[in-house]
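Residue numbers (our numbering): 147 to 603. Structure first, commentary second.
Pasting the structure below:
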């Protein structure tokens with residue numbers, strides 16, 4: 147459609163974009179006020195000048211050829227697609243620009259409507275962004291939607307061993323180990339279909355391959371970026387080789403520590419069993435019933451401590467004791483150690499899902515040894531039958547409650563547990579204090595109840 151210049155120019159003057167009309171000889175027919183401000187020209191100062199004068203001197207020689215090429219095949223398109231364009235302002239300052247070209251048929255012949263955008267601010271931001279990326283301590287790689295590497299920084303050169311010229315324009319799969327390379331384009335396409343800032347391969351171990359073929363473990367953060375060339379993704383890549391080595395060192399140290407602790411508990415258990423055997427041999431030469439009973443009590447105490455270390459040695463956690471297993475083993479051993487107790491006394495145990503720190507479990511085990519032994523020895527004299535209840539439960543405020551009760555002979559009225567004179571109850575009081583616990587005793591039916599915190603004293 148034929149455009150009339152007299153009608154067109156007032157319209158251009160009202161538009162908020164820099165626009166110029168250029169004739170087929172390259173002369174500026176009209177420049178709107180926005181164009182004059184963009185190019186630092188006085189009002190009317192651009193009219194009649196050659197458009198070549200707005201091109202920097204280093205590009206001016208070939209500009210007329212570009213103009214002639216456009217006029218041979220006129221169509222709306224950006225000027226210099228893929229190239230950086232600059233314009234020279236009236237004050238001699240160069241500014242980066244983007245230019246859109248539109249052919250027009252006018253009453254004064256064919257012309258070109260040039261729309262000029264000053265992209266100085268955008269270029270400044272891009273330059274700052276590039277500087278941030280370039281000087282980042284982490285490797286940064288930007289790829290386009292086709293998986294081509296569009297930008298890398300110095301840290302990426304150092305990490306991968308390539309010069310940046312060897313990476314730019316190539317597929318990012320060159321940095322992916324061969325065994326993962328086939329599946330990687332699918333992951334990449336999936337990301338571009340649902341972009342967002344997130345870690346790559348969450349939950350998976352990631353590796354990159356260097357120029358020399360060595361693989362390095364990495365962590366990768368992905369960030370989508372919109373650019374003039376379309377959507378891209380900026381990948382921040384961290385070499386975690388040192389971290390992996392430290393983790394492996396810690397893992398080996400833990401394994402060695404576990405082996406050492408296991409060996410310690412095993413040897414302590416064996417030494418305690420040796421003491422138990424020595425006491426057993428000593429008892430064979432003792433005829434005094436009271437002395438024999440004292441040796442037997444000592445054997446039971448040694449056995450209680452030995453069982454704690456045996457339980458730890460057999461478990462996977464050397465810091466805490468499976469107290470349910472320990473209690474069942476200890477109580478049954480104690481009942482079996484007294485003649486015909488198994489047939490007369492029923493055991494009821496309740497300590498499921500209870501684990502205690504070793505520093506709590508040892509005194510707690512010794513307390514159980516004394517209270518259960520006392521119940522067997524003194525609660526059911528002269529062949530009496532009955533039952534013993536032993537329970538350890540988690541209480542309020544992370545406390546534990548240990549109870550030993552029986553339905554045998556009641557405690558005598560004169561018995562004072564807190565001021566006991568027998569070695570067994572003296573030990574119970576001392577060990578309760580060691581646990582920072584509280585001891586309660588009931589005469590009939592007999593019940594001992596100890597509340598103690600679940601942390602090591």
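No residue lacks a Cβ here, since even glycine has one placed at the ideal position from N, Cα and C.
Simplified DSSP assignment, three categories, for residue i
| i | result |
| --- | --- |
| residue 367 | strand |
| residue 320 | helix |
| residue 284 | coil |
| residue 328 | coil |
| residue 391 | helix |
| residue 308 | coil |
| residue 373 | strand |
| residue 189 | coil |
| residue 540 | strand |
| residue 198 | helix |
| residue 383 | strand |
| residue 557 | coil |
| residue 545 | strand |
| residue 441 | helix |
| residue 433 | coil |
| residue 314 | coil |
| residue 334 | helix |
| residue 397 | helix |
| residue 447 | helix |
| residue 659 | Residue 659 falls outside the range modelled here, since the chain spans only 147 to 603, and no answer is possible. |
| residue 530 | coil |
Beta-carbon proximity of residue i to residue j, cut-off 8 Å
| i | j | result |
| --- | --- | --- |
| residue 362 | residue 387 | yes |
| residue 516 | residue 574 | yes |
| residue 451 | residue 505 | no |
| residue 545 | residue 599 | yes |
| residue 197 | residue 168 | yes |
| residue 534 | residue 518 | yes |
| residue 200 | residue 163 | no |
| residue 371 | residue 383 | no |
| residue 217 | residue 225 | no |
| residue 259 | residue 165 | yes |
| residue 325 | residue 319 | no |
| residue 525 | residue 479 | no |
| residue 502 | residue 473 | no |
| residue 483 | residue 446 | yes |
| residue 594 | residue 549 | yes |
Among the options, the one whose alpha carbon lies nearest that of residue i
| i | options | result |
| --- | --- | --- |
| residue 339 | 377, 537, 398 and 314 | 377 |
| residue 540 | 577, 496, 324 and 571 | 496 |
| residue 294 | 476, 280, 317 and 368 | 317 |
| residue 273 | 383, 256, 297 and 262 | 297 |
| residue 507 | 443, 580, 209 and 595 | 580 |
| residue 380 | 280, 229, 203 and 155 | 280 |
| residue 249 | 440, 373, 588 and 147 | 147 |
| residue 264 | 276, 251, 253 and 246 | 246 |
| residue 183 | 262, 253 and 353 | 262 |
| residue 498 | 491, 207, 538 and 477 | 538 |
| residue 528 | 490, 551 and 282 | 490 |
| residue 486 | 277, 392, 530 and 311 | 530 |
| residue 351 | 331, 358 and 385 | 385 |
| residue 346 | 369, 358 and 357 | 369 |
| residue 253 | 550, 392, 587 and 150 | 150 |
Boundaries (first-last residue) of the alpha helix (DSSP H) holding residue i
| i | result |
| --- | --- |
| residue 205 | 203 to 206 |
| residue 179 | 179 to 184 |
| residue 509 | 504 to 525 |
| residue 474 | 469 to 483 |
| residue 158 | 151 to 160 |
| residue 214 | 209 to 218 |
Residue range of the unbroken beta strand (DSSP E) whose run includes residue i
| i | result |
| --- | --- |
| residue 252 | 240 to 252 |
| residue 297 | 295 to 298 |
| residue 563 | Note, residue 563: premise wrong, no beta strand (DSSP E); not H, not E. |
| residue 599 | 592 to 599 |
| residue 580 | Segment 569 to 580 is the alpha helix (DSSP H) holding residue 580; no beta strand (DSSP E) there. |
| residue 588 | 584 to 588 |
| residue 231 | 231 to 234 |
| residue 352 | 352 to 355 |
Beta-bridge pairing of residue i - partner residues as DSSP gives them
| i | result |
| --- | --- |
| residue 535 | 494 and 551 |
| residue 167 | 176 and 259 |
| residue 378 | 290 and 371 |
| residue 344 | 368 |
| residue 264 | 243 |
| residue 501 | 468 |
| residue 148 | 251 |
| residue 362 | 354 |
| residue 223 | 247 |
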